[in-house]
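**Q**
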Amino acid sequence: MASSNIIEHGNIESSSDKTDKPASGGKKNHNKYRRDKPWDTPDINHWEVKAWDEDSGDGLPGGRLLEESSFATLFPKYREKYLREVWPLVTRSLDKYKIACELNLVEGSMTVRTTRKTSDPYIILKARDLIKLLARSIPAPQALKILNDEYYCDIIKIGGLVRNKERFVKRRQRLIGPDGATLKALELLAQCYILVQGNTVSVMGTHKGIKKVRTVVLECMKNIHPVYNIKRLMIMKELEKDPKLKDESWERFLPTFKKKNVKRRKPRQLVEEKQKMAAASSAGAAGEGKAAAPSGKKKKSYTPFPPAQLPSKIDLQLDSGEYFLSERERKAKKLAEKQDASREKSEEKRRAREREFVHPSLLGDN
Numbered sequence: 000m001a002s003s004n005i006i007e008h009g010n011i012e013s014s015s016d017k018t019d020k021p022a023s024g025g026k027k028n029h030n031k032y033r034r035d036k037p038w039d040t041p042d043i044n045h046w047e048v049k050a051w052d053e054d055s056g057d058g059l060p061g062g063r064l065l066e067e068s069s070f071a072t073l074f075p076k077y078r079e080k081y082l083r084e085v086w087p088l089v090t091r092s093l094d095k096y097k098i099a100c101e102l103n104l105v106e107g108s109m110t111v112r113t114t115r116k117t118s119d120p121y122i123i124l125k126a127r128d129l130i131k132l133l134a135r136s137i138p139a140p141q142a143l144k145i146l147n148d149e150y151y152c153d154i155i156k157i158g159g160l161v162r163n164k165e166r167f168v169k170r171r172q173r174l175i176g177p178d179g180a181t182l183k184a185l186e187l188l189a190q191c192y193i194l195v196q197g198n199t200v201s202v203m204g205t206h207k208g209i210k211k212v213r214t215v216v217l218e219c220m221k222n223i224h225p226v227y228n229i230k231r232l233m234i235m236k237e238l239e240k241d242p243k244l245k246d247e248s249w250e251r252f253l254p255t256f257k258k259k260n261v262k263r264r265k266p267r268q269l270v271e272e273k274q275k276m277a278a279a280s281s282a283g284a285a286g287e288g289k290a291a292a293p294s295g296k297k298k299k300s301y302t303p304f305p306p307a308q309l310p311s312k313i314d315l316q317l318d319s320g321e322y323f324l325s326e327r328e329r330k331a332k333k334l335a336e337k338q339d340a341s342r343e344k345s346e347e348k349r350r351a352r353e354r355e356f357v358h359p360s361l362l363g364d365n
């Protein structure tokens, strides 16, 4: 009986579900229970970041922050002189936002902290970004722009992406380009300030621009030339101007670059080719009027037996008797051979020097 009730109940639920679905078989109307919001008009920009303004009524509950927040960062020794010069400017700029700062030359660190007068809760994070940028060799006037709400920053670490030091230096230079042309083009396209310093790349700008720069930098470290990405960004910038393509995919307009593995010829092969060409040219010059000899290797006769095995190092030592010598005697023998060779070479050089002081007529008679 219980099972029959469950089945009947299940049938009732399924029938009720069917009645909720539209008869036409289309999609559900998800806006059925959504009411109009008279305060939410299309002209409101929900992504706009409004500046903190105490005069317009912005404030914290209780009037101040409950706890003190602080951030510190270390700076390299070569930045000490510059930071001492610009620190009064940094202090004056942070005083406007009620943020305290400290430059410790003994530890080599910069510290920022909130005070009792600090009202903007987010400004301490901006001050943290400021001391990070100053430590990464960004000029103070440029770094102070990070305190504005429309500026953001990112420090991209590229030091551990390439193991080989020489390869890393080449790819980092490729990112900068000749006379900084590649970096300047990237700055103009992404509307960002970029500084390549040591093992990091510091970027200042909007979130969208920082994301573009990060992609280009990381792909450059993966051996993808930044020119390809710059070309892609230029096409995207032109496509943004067309309102018809706003809601369409741009994949058909963007270029796709495939990686090609080009086999490089080894230096040994190049040397052999040069030798062959030189031999062919000399043979052609020597045999004027004669038929040229057929070029190419002579065909070896086939033998079913494998070639004789080459003697190993131990076999050679046994033949010369060196194998039965002690380690000390071997070293003494090698040293004696080196001394003999150097003596012969020095004697030959001495004779060559003496030959310079002999009259050419005497050399011809000899």
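Under numbering that gives the first Met the number 0, the first residue of the sequence shown is numbered 0, with each subsequent residue one higher. Where is the CB? At the ideal position from N, CA and C, for every residue including glycine. Model, not experiment: these values are computed from the prediction.
1) By how many angstroms is the C-alpha of Lys348 removed from the C-alpha of Phe356?
2) Kindly indicate the opening and closing residues of the alpha helix (DSSP H) around Lys337.
3) Any idea which residues DSSP pairs Ala374 with across the strands?
4) Could you spell out the range, first to last residue, of the beta strand (DSSP E) harbouring Phe167?
5) So which of Ile145, Lys116, Tyr121 has the shortest CA-CA distance to Ile130?
6) Please name the residue in Tyr227, Cys152, Ala282 whose C-alpha comes closest to that of Lys257.
7) How would you label Gly58, buried or exposed, when you count the other beta carbons within 10 angstroms and need 16 or more for buried?
8) Using three-state DSSP, classify Ser136 as helix, strand or coil.
9) Give me the residue from Thr90, Val111, Asp119 with the minimum Cα distance to Leu64.
10) Nearest-angstrom Cα distance between Leu93 and Asp178?
11) According to DSSP, is Lys207 part of a helix, a strand, or is it coil?
12) Under 9 Å between the Cβ atoms of Met109 and Leu82?
13) Using a Cβ-Cβ cut-off of 8 Å (strictly less than) and excluding sequence neighbours within five positions of Arg350, which residues of its own chain qualify?
14) Can you tell me where the beta strand (DSSP E) holding Lys156 begins and where it ends?
15) Let's see if you can read the secondary structure: which residues bound the beta strand (DSSP E) around Leu73?
16) Would DSSP call Lys245 helix, strand or coil?
**A** Well, looking at it:
1) 14 Å
2) 326-354
3) Because residue 374 is not part of the residues shown, which for the chain are 0 to 365, the question remains open.
4) Segment 164-175 is the alpha helix (DSSP H) holding Phe167; no beta strand (DSSP E) there.
5) Ile145
6) With distances taken between CA atoms, Lys257 lies nearest to Tyr227 out of Tyr227, Cys152, Ala282.
7) exposed
8) coil
9) Asp119
10) Going by the C-alpha atoms only, they are around 35 Å apart.
11) helix
12) yes
13) none
14) 151-156
15) Per DSSP, the unbroken beta strand (DSSP E) holding Leu73 starts and ends at 69-73.
16) Reduced to three states, the DSSP call for Lys245 is coil.
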